[in-house]
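Residues in the sequence shown are numbered from 9 upward in steps of one, following the working numbering. Using N, Cα and C, we set each Cβ at its ideal position, and we do this for glycine too.
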Amino acid sequence: NPECNIHDQVPGTCEDMGLTAQDLEQLTTDYLKNMAALRNATLKSGKFSWQMLWTGGDDTSIGSTCPKPLVNKETCADDLRQLCQADSGAQTRAMMYSFSPGGCDDSSLTLPEFEADLANFLLTRGPYAWLGHG
């Protein structure tokens, strides 16, 4: 990404490679274009990959490997209204819904909000959806 903020890289990677802000912009643009072509070819062949799972955000966004739940207690009604719209990513993409609190650590293993997470998943899922954690 243009900020060189990649969750699993060694700190200073972009600086070590001598990448400028313009380089990062171009790399990001080219990467997104390649990913869109890959996504279209994969879907055209009737398949998908876990990297293409929608985990929230923009309806065309690339999924996260460390997702958070899509419905939050503070914004529950608004979240549900948005996610249940026919054109929402939850309805038009293969969705991965994370157990609370989400993320890539082991805090979701105890399922602290299981009933709420399950209810929200069942309310928001489209034709293809998975419930779990990253």
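Residue-chain proximity (residue i, chain D), Cβ-Cβ < 7 Å
i      : result
Ser115 : Any reference to chain D falls outside this structure, which holds one protein chain only.
Beta-carbon proximity of residue i to residue j, cut-off 7 Å
i      : j      : result
Met104 : Pro75  : yes
Leu61  : Gly54  : no
Ala98  : Thr63  : no
Ser116 : His141 : yes
Asn1   : Thr36  : Residue 1 cannot be examined here, being either before or after the span of the chain that is shown, 9 to 142.
Val79  : Asp87  : yes
Spatially closest choice to residue i from the options, by CA coordinates
i      : options                        : result
Thr83  : Ser53, Gly110, Asn128, Ser96   : Asn128
Lys81  : Tyr136, Glu123, Ala102, Thr21  : Glu123
Gly134 : Thr68, Ser106, Arg89, Ala94    : Ala94
Asp67  : Ser57, Asp38, Ala102           : Ala102
Phe107 : Arg89, Phe56, Leu130           : Leu130
Leu40  : Ala49, Gln17, Ser69            : Ser69
Leu126 : Asp114, Leu117, Leu139, Thr118 : Leu139
Ala29  : Pro19, Glu11, Gln17, Asn42     : Glu11
Cys112 : Thr73, Leu119, Tyr136, Asp86   : Thr73
Gln59  : Pro109, Met43, Cys92           : Met43
Beta strand (DSSP E) segment containing residue i, residue limits
i      : result
Gln88  : Per the sequence shown, the amino acid found at residue 88 is Leu instead of Gln. Looking at the DSSP string, Leu88 is not in any beta strand (DSSP E); the run it does join, the alpha helix (DSSP H), is 84-91.
Leu139 : 137-140
Residue i beta carbon near the ligand SAH (any heavy atom closer than 6 Å)
i     : result
Cys84 : As for the ligand SAH, it is missing from this structure, which has no ligand bound.
Unbroken alpha helix (DSSP H) run spanning residue i, endpoints
i     : result
Tyr39 : 29-52
Asp67 : Segment: none, Asp67 is in no alpha helix (DSSP H) and carries neither H nor E.
Glu23 : 21-24
Which runs of the alpha helix (DSSP H), 4 residues or longer, sit entirely within the stretch 71-132? Within the stretch 71-132, the complete alpha helix (DSSP H) segments at least 4 residues long are 84-91, 97-100, 122-132, listed from N- to C-terminus.
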